[in-house]
Each structure stands twice: as C-alpha cells, then as structure tokens.
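For reference, the structure is listed below as structure tokens.
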Amino acid sequence: MFSRAGSHGARSTIWKAALASIALGGAAYYYNEHSRSHGILDNGRYIPLKVHSQCQVTHDTWKLRLELKKKPRSFPVPSSVYIKDDSIQIMRPYTPINDPSVDGHIDLLVKRYEQGSISKMLCRSKPGEDVFVRGPMVEFEYPTAAYKHVAMIAGGTGITPMYQLIRHILSDPKECQTKMTLIYANKTEQDILLRNELADLEKQHPDRLDIHYTLDHPSDQWRGDHGYVSLDMVRKHLPVPSTNGAPNTDIFVFVSGPEAMLRHVSGDRARDWSQGKVQGLLKMMGYDENQVWKF
Ligand SMILES: Cc1cc2nc3c(=O)[nH]c(=O)nc-3n(C[C@H](O)[C@H](O)[C@H](O)COP(=O)(O)OP(=O)(O)OC[C@H]3O[C@@H](n4cnc5c(N)ncnc54)[C@H](O)[C@@H]3O)c2cc1C
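Residues in the sequence shown are numbered from 2 upward in steps of one, following this note's numbering.
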C-alpha cells in the first residue's frame, strides 16, 4: 500500500516536472521566435515593429516611423502593410510613403478618425511601443514601362499609394518616357498632405508630372479647382481613353480615396473586394476595366 502510494507520488512528480519543462521550453521557444522575428517584416504573419517616432502633420493626420531591424530585400510598388490591433483582432492597410528597402524603416501618414479603431491606436502610439505589422502586401502588380501616361485621382490620405507610385516611376530609368497626371482632392488647403514633397517632384520633372488640386472649401486666395472631382476636371486633365474607337492601352488610371469619392469617380469596389465595374465619371469618360485600378 505504502509502496504503491510512493510510486504514484513519484509518477506524479515526474509528470509535473515533464509538464513544467514542456511549458518552459514552449516559453523559451516563443521568446526566441518573438525576439528573433521582432523588427523583421514578413508578409505571412504579423510582426511587432517598434514605433521610432510620431508627429502630428495636420489637424487630423500623424506621421509615424516604424523601426526595422533588417531592410527588406525589396519593397514592391504599389504595396501596403497591414496593421493589426491585437486586442480586438482587426486590421487595416496603410501605404508607406518611403522605400523601406532603402531606408530601413517604414514611414506612414495616418489620418485619425474620431470613431476609428486602428487609426486612433496608431495616432496615439508612443515611441518604443510595438505595432503589429504584416507586409508588404501587393494587390496590383505594376507592369514596368507598360504605360505612356499614368493618371491618378486621389482624395485625402488616398494620396499615399499615389505618392509611392510617383516616386517609383520618376526614379526608374525604364520609366523615363512615362508621364503622370494627378488630380488631388481635399476639403481645405490645410488638409493637403505631402504638398511640399509633391511640389518638389513637380518642379524637378515639369514635363512628366502634372498636379491639379481641388478643394471643397477653398479660401478666396485659392488658385486651384473648386469642389468635388467633376467630369469637367477629368475631361480637362486626363488623357482620352480611346483612339479611333479602340481602348488606348498606353494609359492607366489609379483611383484612391474615401468610399464616397471612389463611388463618384470610378464606382465602388465589388462586395467581395474585387475591382467591380468601372462606373461614375470614368465610365462617362469611356474608361473600361482594363484601364482603371481602385485602391
Ligand atoms: C490600399 C489602402 C491603403 C491605405 N493607406 C492608408 C494610409 O496610408 N493612410 C491612412 O490614413 N489610411 C489609409 N487607408 C485607410 C485605412 O486602411 C483605414 O481604413 C482607416 O485608417 C480607418 O481605419 P479605422 O480602423 O481607424 O476606422 P474604422 O473603424 O474602419 O472606421 C471608423 C469610422 O471612420 C469612417 N471611415 C473609415 N475610413 C474612412 C475613410 N477613408 N474616409 C471617410 N471615413 C472613413 C468609417 O465610416 C467609420 O465611421 C488605406 C486603405 C486602403 C484600402
């Protein structure tokens, strides 16, 4: 009886020790994996990146720099990163405004929505805190030097993928023949993002980059367009979609911005998040599904 009880006690001690060592091993593995992957971007899973710095650039927009331990080998354009709120398991895409494979960090411009989840979390994050990031995520593979004219229509923070594309096209020698036109819509002059950066690029490449601003609420001194993006603006600034009745395959239009703007300019994306039909102003102009991409 005694000896049986003794062997039972010994067995249970062995079991406890085994379980403890498995738990310790698991914790050590998790810790190693976590610290090994920390700071190294991965498009298969969320990785913690440290907020390096954060500053407010307009009344509702912040710039964030996220640290990378290792430069990614390349960072395709256009592409974005997904950021996750670990506590409520939701994620949203954001588009770096720099080239992380050159700089070794990720710069984001994030507009804060009062009722928002991820945008609010990002705009109140502090240096040293971790943000869970996955990427780069590529939805559209931009074909190098395939177009003679790339047109872009952006609203608000919808400028970020366009800025990525503009910088990429201007810096790629194979794209030296590509012209670009951007129509950029905002509520007020104070809402215009990357204005100095865009002005510099336009000054450096006056024959290749043409930017037109429009404001919902312009001041008396404003010299650009007024109101929402209109058929007149699109007719005036964008290339014609067809020649002799055939679609012009040398031109392509990107649209990026708030849902209401997308609906008005190009039609919504479909419910399954595929591109859906081209509608709105671009349809009126005669553009088809092979000439338009909605971010
Ligand atoms: C490909 C892609 C790239 C993007 N890149 C950027 C970027 O670089 N910078 C950036 O700030 N955002 C970017 N966005 C938008 C971003 O992904 C989020 O949708 C946005 O930050 C709101 O997320 P949230 O979780 O804070 O708000 P949610 O919880 O999704 O929404 C909260 C409230 O805000 C409203 N809302 C959400 N988004 C918008 C909007 N765009 N316009 C008007 N009202 C809105 C909703 O209707 C809701 O009332 C991008 C979106 C896409 C699809």
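Every residue gets a Cβ at the ideal spot worked out from N, C-alpha and C, and that includes glycine.
Buried versus exposed, by CB contacts within 10 Å (16 or more), residue i
| i | result |
| --- | --- |
| H297 | Residue 297 falls outside the range modelled here, since the chain spans only 2 to 296, and no answer is possible. |
| L265 | Before going on, a small fix: residue 265 reads as His here, not Leu. Buried is the call here. |
| M285 | exposed |
| L194 | buried |
| E115 | exposed |
| N197 | exposed |
| W274 | exposed |
| P144 | exposed |
| C177 | exposed |
| L232 | exposed |
| S88 | exposed |
| S220 | exposed |
| V82 | buried |
| S267 | buried |
| I212 | buried |
| Q55 | buried |
Among the options, the one whose alpha carbon lies nearest that of residue i
| i | options | result |
| --- | --- | --- |
| Q57 | M92, P101, K127 | K127 |
| R224 | T189, L123, A261, Q276 | T189 |
| I48 | D87, L183, F133 | F133 |
| P79 | D131, R46, I167 | I167 |
| L199 | I160, T215, D217 | I160 |
Pairwise C-alpha distance: residue j and residue i
| i | j | result |
| --- | --- | --- |
| Y185 | S243 | 24 Å |
| F76 | V139 | 10 Å |
| L263 | M153 | 12 Å |
| T158 | W16 | 57 Å |
| H106 | H206 | 27 Å |
| K278 | Q292 | 11 Å |
| N245 | I252 | 15 Å |
| L283 | P248 | 13 Å |
| D43 | F296 | 22 Å |
| D201 | Y164 | 12 Å |
| Y148 | W63 | 33 Å |
| Q191 | Y288 | 32 Å |
| Y95 | K121 | 13 Å |
| L239 | T182 | 7 Å |
| V254 | K175 | 19 Å |
| K72 | L50 | 13 Å |
| V235 | R135 | 35 Å |
Reduced DSSP category for residue i - H, G, I as helix; E, B as strand; rest coil
| i | result |
| --- | --- |
| Y32 | Any reading at Y32 needs caution, since the residue's pLDDT is 48, under 50, leaving its predicted position unreliable; the model's value is listed next. Here Y32 sits in helix by DSSP. |
| G281 | helix |
| V78 | coil |
| H169 | helix |
| T161 | helix |
| M2 | With a pLDDT of only 41 at M2, under 50, the local geometry of the prediction cannot be trusted, and the value read off the model is given with reservation. Three-state DSSP puts M2 in coil, outside helix and strand. |
| K70 | coil |
| H206 | coil |
| L65 | strand |
| I193 | coil |
| H238 | helix |
| R135 | strand |
| K17 | helix |
| I119 | helix |
| L42 | coil |
| P101 | helix |
| K127 | coil |
Residues that residue i bridges to, as DSSP identifies them
| i | result |
| --- | --- |
| T250 | Bridge partners of T250: none, in fact. |
| A186 | G156, T215 |
| T96 | In the DSSP output, where bridge partners are listed per residue, T96 has none listed. |
| I294 | For the record, residue 294 in the displayed sequence is Trp; it is not Ile. F255, per the DSSP bridge assignment. |
| D108 | R66 |
| Y83 | P94, R135 |
| H227 | L216 |
| C56 | K64 |
| L50 | V132 |
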